[in-house]
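Those protein sequence lines, which keep their order, are chains A and B. Counting the first sequence from 1 gives a position; the working numbering is that position plus 29. Counting the second sequence from 1 gives a position; the working numbering is that position plus 29. Beta carbons: idealized from backbone N, C-alpha and C, even for Gly. As the structure is a prediction and not an experimental result, all values here were calculated from the model.
Protein chains: 2
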Amino acid sequence: MNLALLFDEDFIAPDRAILSGRRLAHLHSVIKVVAGDTVPVGREGGQMGTGVVVRLTDTEAELQVTLDQPPPAPLPLTLVLAMPRPKMFRRILQTCAALGVKDLWLINSYKVEKSFWQTPWLSDQQVRENLTLGLEQSKDTLMPRVQIRKLFKPFVEDELPSLVAGRKALVAHPGASTPCPTHLNQPTVLCIGPEGGFTDYEVGKLEDAGCQGVHLGPRILRVETAVPVLVSRLFDACL
Amino acid sequence: MNLALLFDEDFIAPDRAILSGRRLAHLHSVIKVVAGDTVPVGREGGQMGTGVVVRLTDTEAELQVTLDQPPPAPLPLTLVLAMPRPKMFRRILQTCAALGVKDLWLINSYKVEKSFWQTPWLSDQQVRENLTLGLEQSKDTLMPRVQIRKLFKPFVEDELPSLVAGRKALVAHPGASTPCPTHLNQPTVLCIGPEGGFTDYEVGKLEDAGCQGVHLGPRILRVETAVPVLVSRLFDACL
C-alpha cells in the first residue's frame, strides 16, 4: 500500500476521513504510524495528496487530508481478457489496476473452464477490493471498470465492433504472423486469450470484428506476465 | 507446460528419454496423451523438438525424441534483484526464466528482511525446479544461472563494476529523474530493489559502480510486474 485509497463513505468532512479495517491494519503493522505522521492518500475517482494522522486508536485513524495532485494518466487501453483461472484472477486484477488499465472486459472462450465463472473472487465486492489493492500499490485513484460477458459470440458480434471503432485493435495470438507493434501510444483494444489460447474459430471471429492477430515472439507467456509485457510494449510513453 | 524439458538423466539413448514425476503427471492429467501422441520437448541446454510417446504407463512415459530446433534467443540481460519476499520469490523465478533472463543475481538490501534468506525455495533444487517451470511455460531450454550474494557492499564494490564494464547499466528507482530508456536491445545490467526500494545510500553505491538511476513513471509496481515491464521496454526486439 503506497497510498491509502479513501472512499466517499470514509469522509466525515471535506478534509477529514476515517480509516479502519485493512488500511488501518497496514498503517499500524507495516507503516507503524503514530499520531502526527503524514501518509500518502488519494480519493477514489479524485485527487491524491497527504493525510496527517490526527487521531489514532486500535479501531480507527482519523486523517486530515490535503488532496492537490492529479492521479497518473490512465492507459488508453480497452483490455479484453478471457476469464483467467481463479487462482490467477485476483493477481491479474491487481496487476491491471496497478498498470493503469481502466477498461477491462472478462469474456468467455472455449478454453475457459465453466468452473472459472463460479469463483467468489468475481463478486462485485471482491473485484473492487482487488482493484483497490492494485491502485494502492501503484498510487492511483481511478477505479477501473470491469465488465463480464459469459457468452463469447454475442460479445464479439454485437459489442466488440463498436469498442474497436476508431481504435487500433489487436488480438495476442502465438500463431499470428505479425509481431506486436511497439509504442503505439494511442487508443487500443487488446484481446488476450486463456491458457492454451483462443481457438482458431475464436481468432477468426475476433479478426472479423476488426482485431489484428499479433504475436509476442517465440515465447509463450502466462497471462499475468503477458499483460505487463504487452502494456509496456504498446504504451511505453504512458507508463 | 508448453514443452517438456528433458535432462541428461532422462535419456536412455541419444533419441530416447523417459519421463516420470511432475512432467508425466502433466502428460496424463492435462494433455491426456495416449501412446503414439507427439508432445513438444526440449533438452536442457540444447535443442527443442518433438517426442513421440512410444510407451506409456502410470509411472513413466518413454519418448522417441527428435531435437532439431534452436531455443529462443536469450535476453542480453544481467538482472540484479534484491531478494524478494518468499511468497513472491518462486513466481519471480518462473517469470524471469519465462522471459529469457539467463543471468540472475539475488542480492541483499537494507529492506530485505533477514528471514527472506531462510526460505526453502532458495535451495538449489527448488530454484532449479521453478526455473524449469518457467522454461517449460515459455518453450526454452537454456537454464538461467542464479547467483546469491547475501552481503550488499562486497557485491556492489567488488563484483558489480566488472559486470557493468562494457554494458549499459541501470538501477530502477522511483526517485530517479531520468525515465527508463526504451528498446536498448544491447547487453544491459538492470538492478531492481526490494519492496520499498533501495535506500539512498544503496542507490549511491550502485551509481558509484556505474549504474544509472532510471524511473518507470509515476506508478510504483511490484517486482513481479516491474520485471516484465522493464524487460519488454528494454528488449522489445528480443521478445
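Only counting the same chain, and skipping five residues up and downstream in sequence, which positions put a Cβ closer than 7 Å to that of residue i?
| i | result |
| --- | --- |
| B:I41 | I47 |
| A:G225 | K140 |
| B:S138 | A111, F181, G222, P223, F227 and E231 |
| A:R120 | E253 |
| A:D39 | A46, I47 and L48 |
| B:K179 | N137 and W146 |
Locate the alpha helix (DSSP H) running through residue i, then write down its first and last residues.
| i | result |
| --- | --- |
| A:D97 | Taken as a continuous stretch (DSSP letters only), A:D97 belongs to no alpha helix (DSSP H), being part of the beta strand (DSSP E) at A90 to Q98. |
| A:D229 | D229 to D237 |
| A:V63 | Counting along the chain, A:V63 falls outside any alpha helix (DSSP H), and DSSP gives it neither H nor E. |
| B:M117 | P115 to L128 |
| A:A54 | G50 to H55 |
| A:L263 | V252 to L263 |
| B:L160 | D153 to S167 |
Near residue i, what residues of its chain come up, given a Cβ to Cβ distance below 8 Å and the 5 sequence neighbours on each side ignored?
| i | result |
| --- | --- |
| A:V243 | L199, V200, A201, H202, A205, T207, P208, C209 and P210 |
| B:N31 | P69, E165, Q166, S167 and K168 |
| A:T155 | Correcting the residue identity first, residue 155 of chain A is Gln in this sequence and not Thr. Excluding positions up to five away in sequence, the list reads R119 and P149. |
| B:L213 | K197, L263 and F264 |
Locate the beta strand (DSSP E) running through residue i, then write down its first and last residues.
| i | result |
| --- | --- |
| B:R72 | T67 to R72 |
| B:C220 | T217 to I221 |
| B:T107 | L106 to A111 |
| B:L85 | M77 to L85 |
| A:L34 | A33 to L35 |
| B:V200 | K197 to A201 |
| A:V193 | Careful: A:V193 lies outside any beta strand (DSSP E), inside the alpha helix (DSSP H) at L189 to V193. |
With a cut-off of 8 Å on the beta carbons, I'd call residue i and residue j a contact; round off their distance for me.
| i | j | result |
| --- | --- | --- |
| B:L259 | B:E165 | B:L259 to B:E165, Cβ: 23 Å. No contact. |
| A:V185 | A:A238 | 5 Å |
| B:T124 | B:V218 | 19 Å between Cβ atoms; not a contact. |
| A:Q215 | A:K197 | 6 Å |
| B:P43 | B:Q76 | That pair is no contact at about 12 Å. |
| A:V109 | A:C220 | 4 Å |
| A:S261 | B:S191 | Actually they do not touch by this definition, with Cβ atoms about 29 Å apart. |
Report all residues from its chain with a CB closer than 6 Å to the CB of residue i; omit the five preceding and five following residues, and keep chain order.
| i | result |
| --- | --- |
| A:Q176 | W134 |
| A:D66 | V82 |
| B:L245 | C209 |
| A:I229 | The question names Ile, yet the displayed sequence has Asp at residue 229 of chain A. If we look at A:D229 and ignore the five residues flanking it on each side, it has no Cβ neighbours. |
Where the region 246–267 of chain B meets chain A: residues whose CB sits under 9 Å from a CB there: G246, P247, R248, I249, L250, R251, E253, T254, A255, V256, P257, V258, L259, V260, S261, R262, D265, A266 and C267
Determine which residues of the region 84–114 of chain A have a Cβ less than 7 Å from any Cβ of chain B, and write them out in chain order. P101
Three Cβ pairs or more, each shorter than 8 Å: is that satisfied between the region 67–74 of chain B and the region 167–175 of chain B? yes
Taking Cβ-Cβ distances below 8 Å as the criterion, which residues of the region 151–170 of chain B are in contact with chain A? Q166, S167, K168 and D169
I want to know whether the region 44–61 of chain A touches the region 84–91 of chain A - three or more CB-CB distances under 8 Å. yes
Given 8 Å, three or more beta-carbon pairs between the region 125–136 of chain A and the region 97–115 of chain A: yes
Of the residues that make up the region 208–220 of chain A, which ones have a beta carbon closer than 8 Å to any beta carbon in chain B? T211 and H212
Any residues in the region 60–83 of chain B with a beta carbon nearer than 8 Å to a beta carbon of chain A? Which ones, in chain order? none
Beta carbons nearer than 8 Å to chain A: which residues of the region 219–245 of chain B have them? L245
Contact set between the region 123–137 of chain B and chain A, restricted to residues whose Cβ is under 9 Å from the partner: Q123, T124, A127, L128 and G129
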